[in-house]
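Numbering (this note's numbering), first residue to last: -4 to 343. Quick reminder that beta carbons are idealized off the backbone N, C-alpha and C, glycines included. No experiment lies behind these values; they were computed from the predicted model shown.
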């Protein structure tokens, strides 16, 4: 049933644009996939009903993008309609894995695109395709790649960091915080260039062993850290976890040679979002959440709480947290997801 519902939902959303009200990302395809992945197929169409009115139609194109001249319009949001048309053709002309393998290394340096929603949308699409290949899912991958290309945004280059490679949480805590956190993500990320410690922090990719294991460690560390530092901006800081989670979900569909740059980009995204949105001090109230450790939270109840809230960020963060919990068994991951849902509150 879930597979049929996902395709129905994606077909229903296919003519909606990647953004609305300016910069706000269309979360419907991502949240829909997360709902079904976690056993909530019955809630999908009702959730879309409540979200659909805010969405806009697919933007119109300006001028077709050719396969030979893709660099110039990269990162030009006014060409979103052209990118959607371009990747619709790409997705129809070659197997989806070939399209992904060709465009992943081109788009990866711009992982900050759309507050990292470009890579996140691609990650959800790939996870769905790895479960079952259908025309609706192939089309959704094309739309995710198009959104990423239209909002392509590179981060300040990383250097080589001195922080312990075995501890992702220590590495995240060592990331410097941008000083001016009054405006949006583009303003915040632009300040990374003026932080002397940023190149080393971003280059200190933590963990040891295979890239997939290191990405799992980064995702888990970002989820745990949200418990104490997410109170300042609980919505935006979730991307410190969901962006590398999207890279992790995509790795099985990529050629092995792309694993190392994918790991580096996933870490850079987690570090950049942490620099931009972490609160200045740990939240003392988080201690009361940790006291709940006496009764281990249930993963289904954790995700159910996010579903009841209706908020797409709560849903996607709980999805990443439960996914990480299934590997590590760490109950703090579930507590962090529950706490984030409570911080965000009901969707408006």
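DSSP on residue i, reduced to helix/strand/coil?
i, result
"residue 106", "strand"
"residue 53", "coil"
"residue 269", "helix"
"residue 176", "coil"
"residue 64", "coil"
"residue 58", "coil"
"residue 232", "helix"
"residue 224", "helix"
"residue 274", "coil"
"residue 302", "helix"
"residue -2", "helix"
"residue 344", "Residue 344 cannot be examined here, being either before or after the span of the chain that is shown, -4 to 343."
"residue 201", "coil"
"residue 327", "helix"
"residue 291", "coil"
"residue 314", "helix"
"residue 170", "coil"
"residue 208", "helix"
"residue 34", "coil"
"residue 139", "helix"
"residue 251", "helix"
"residue 341", "coil"
"residue 40", "helix"
Tell me whether the beta-carbon of residue i lies closer than 9 Å to the beta-carbon of residue j.
i, j, result
"residue 336", "residue 238", "no"
"residue 316", "residue 342", "no"
"residue 184", "residue 148", "yes"
"residue 193", "residue 270", "yes"
"residue 100", "residue 256", "yes"
"residue 26", "residue 54", "no"
"residue 115", "residue 241", "yes"
"residue 72", "residue 146", "yes"
"residue 201", "residue 250", "no"
"residue 4", "residue 302", "no"
"residue -2", "residue 314", "no"
"residue 142", "residue 20", "yes"
"residue 98", "residue 144", "yes"
"residue 30", "residue 310", "yes"
"residue 49", "residue 16", "yes"
"residue 344", "residue 203", "Look at the range of the chain in this structure, -4 to 343, and you will see that residue 344 is not part of it."
"residue 24", "residue 93", "no"
"residue 318", "residue 214", "yes"
"residue 243", "residue 324", "no"
"residue 305", "residue 56", "no"
"residue 51", "residue 113", "no"
Can you list, in chain order, the residues of its chain whose CB lies under 7 Å from that of residue i, leaving out five sequence neighbours each side?
i, result
"residue 320", "294, 328, 329"
"residue 79", "53, 138, 141"
"residue 22", "307"
"residue 300", "333, 336"
"residue 322", "211"
"residue 120", "132, 135, 136, 139"
"residue 129", "2"
"residue 14", "20, 21"
Return the chain-ordered list of same chain residues with a C-beta closer than 6 Å to the C-beta of residue i, the five sequence neighbours on each side being excluded.
i, result
"residue 228", "272"
"residue 220", "167"
"residue 233", "308, 312"
"residue 7", "none"
"residue 222", "281, 331, 334"
"residue 173", "183, 186, 270, 271"
"residue 260", "103, 106"
"residue 278", "223, 226"
"residue 58", "none"
"residue 132", "123, 124"
"residue 170", "196, 266, 269, 270"
"residue 81", "60"
"residue 83", "137"
"residue 89", "none"
Opposite residue i in the DSSP bridges: which residues?
i, result
"residue 148", "106"
"residue 14", "20"
Counting only the same chain and skipping the five closest in sequence on each side, list residues whose C-beta sits under 8 Å from that of residue i.
i, result
"residue 292", "326, 329, 330, 333"
"residue 107", "148, 149, 150, 180, 184, 264, 267"
"residue 386", "The requested residue 386 is not part of the displayed model; the chain covers only -4 to 343."
"residue 175", "182, 183, 186"
"residue 43", "4, 7, 8, 23, 27"
Any heavy atom of the ligand GTP closer than 8 Å to the Cβ of residue i?
i, result
"residue 175", "Among the ligands in the structure shown, none appear at all, so the ligand GTP cannot be discussed."
>> Extract the residue ranges of the alpha helix (DSSP H) inside the segment 69 to 132, only unbroken runs of 4 or more that lie entirely within it.
In response: With a minimum length of 4 residues, the continuous alpha helix (DSSP H) runs that stay inside the segment 69 to 132 are 75 to 88, 91 to 102, 112 to 126.
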